[in-house]
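>
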Amino acid sequence: MADEATIGIIMGSRSDWETMRHAAETLEALGVSHEVKVVSAHRTPDRLYDYAKSAAGRGLRAIIAGAGGAAHLPGMAAAMTRLPVLGVPVESKALSGWDSLLSIVQMPAGIPVGTLAIGKAGAVNAALLAAAMLATTDDALAGRLEAWREKQTSDVAETPE
Ligand code: RP5
Numbered sequence: 001m002a003d004e005a006t007i008g009i010i011m012g013s014r015s016d017w018e019t020m021r022h023a024a025e026t027l028e029a030l031g032v033s034h035e036v037k038v039v040s041a042h043r044t045p046d047r048l049y050d051y052a053k054s055a056a057g058r059g060l061r062a063i064i065a066g067a068g069g070a071a072h073l074p075g076m077a078a079a080m081t082r083l084p085v086l087g088v089p090v091e092s093k094a095l096s097g098w099d100s101l102l103s104i105v106q107m108p109a110g111i112p113v114g115t116l117a118i119g120k121a122g123a124v125n126a127a128l129l130a131a132a133m134l135a136t137t138d139d140a141l142a143g144r145l146e147a148w149r150e151k152q153t154s155d156v157a158e159t160p161e
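Heads up: the sequence shown begins at 1 in full-length UniProt numbering, then just goes up one per residue.
Written out as structure tokens, the structure is:
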């Protein structure tokens with residue numbers, strides 16, 4: 001889903017896709033238009049600049065940014081756009097995502113990044129938060145989001161086996 005995307009999903013490396021695909025799949029399930037790009041703060045800084053600077057003008061309403069290690073992508077994107085930025089710490093091999101989490105969450109006052117949990121849970125919840133923000137002004141999406149949550153509740157078994 002890429003035409004007239006309302007949510008931009010960016011990640012620092014193709015290796016982040018295994019985590020970030022859960023954000024894309026969740027938006028897909030909710031019928032939220034989105035685009036997906038690899039944008040690295042360190043390896044492709046010009047691509048990051050162009051992406052963040054053009055995001056609002058292209059009609060995006062929020063950005064979900066996932067990165068691992070010295071995870072500067074969400075914060076640098078947030079520094080260059082007024083759009084809400086949701087940060088997903090990708091689980092790193094060296095430090096199990098602690099490095100990613102602390103890099104993303106400890107923003108200086110004035111440039112916020114809404115930081116989610118490490119890994120898949122964070123990617124799914126970033127998508128749900130983005131959808132919830134859009135749903136405040138989109139009744140049809142609000143209905144789909146409520147239905148998604150009701151299904152999640154009804155899918156929980158009462159017994160472990
Ligand atoms: C970060 O470095 C990426 O977000 C990724 O999580 C990590 C490792 O990248 P690769 O070396 O796998 O490309 O910039």
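C-beta atoms are modelled at their ideal positions from N, C-alpha and C, and glycine is treated no differently.
Determine the direct distance from the alpha carbon of tyrosine 51 to that of histidine 22, and round the result to whole angstroms.
If you number the sequence shown from 1, residue 22 lands on position 22. If you number the sequence shown from 1, residue 51 lands on position 51. Distance between the alpha carbons of histidine 22 and tyrosine 51 is about 22 angstroms.
> State the DSSP-derived secondary structure class of isoleucine 64, mapped to helix, strand or coil.
Against the sequence shown, residue 64 aligns to sequence position 64. Looking at isoleucine 64 - three-state DSSP - the assignment turns out to be strand.
> For glycine 59, collect the residues of the same chain with a Cβ closer than 8 angstroms to its Cβ; drop the 5 residues on either side in sequence, then sort them by chain order.
Here residue 59 refers to the residue found at position 59 when the sequence shown is read from its first residue. Excluding positions up to five away in sequence, the list reads Glu4, Ala5 and Thr6.
> State the Cα-Cα distance for the pair threonine 19 and leucine 86, rounded to the nearest angstrom.
Indexing the sequence shown from 1 puts residue 19 at position 19. Indexing the sequence shown from 1 puts residue 86 at position 86. Cα-Cα distance, rounded: 14 angstroms.
> With respect to the alpha helix (DSSP H) encompassing glutamate 146, which residues constitute its N-terminal and C-terminal limits?
In the sequence shown, the residue the question calls residue 146 occupies position 146. Counting along the chain, the alpha helix (DSSP H) containing glutamate 146 begins and ends at 139 to 154.
> Alpha helix (DSSP H) containing glutamate 35: first to last residue?
Taking the first residue of the sequence shown as 1, we reach residue 35 at position 35. Looking at the DSSP string, glutamate 35 is not in any alpha helix (DSSP H); the run it does join, the beta strand (DSSP E), is 34 to 38.
> What do you reckon, are the CB atoms on valine 88 and glycine 66 nearer than 8 angstroms?
In the sequence shown, the residue the question calls residue 88 occupies position 88. In the sequence shown, the residue the question calls residue 66 occupies position 66. Yes, these two residues count as a Cβ contact at 8 angstroms.
> Look up leucine 134 in the DSSP assignment and say whether it is helix, strand or coil.
Taking the first residue of the sequence shown as position 1, residue 134 is located at position 134. Looking at leucine 134 - three-state DSSP - the assignment turns out to be helix.
> Would you kindly work out how many angstroms separate the C-alpha atoms of lysine 151 and aspartate 46, rounded to a whole number?
As a first step, residue 151 must be located in the sequence shown, where it is residue number 151. As a first step, residue 46 must be located in the sequence shown, where it is residue number 46. Their Cα atoms are separated by approximately 42 angstroms.
> May I ask you to report which of helix, strand or coil DSSP gives isoleucine 104?
Start at 1 with the first residue of the sequence shown, and residue 104 comes out as number 104. Isoleucine 104: helix per DSSP, three-state reduction.
> Indicate whether alanine 132 and leucine 116 have their beta-carbon atoms separated by less than 8 angstroms.
Sequence index remark: in the sequence shown, residue 132 carries index 132 (1-based). Sequence index remark: in the sequence shown, residue 116 carries index 116 (1-based). It is not a contact, given that the beta carbons lie outside the stated cut-off.
> Quick one: what does DSSP say proline 89 is sitting in, helix, strand or coil?
As a working note, residue 89 is residue 89 in the sequence shown. Residue state, collapsed to three classes: strand.
> Closer than 8 angstroms is the cut-off here; do at least three beta carbon pairs connect the segment 75 to 84 with the segment 92 to 99?
The segment 75 to 84 is not in contact with the segment 92 to 99.
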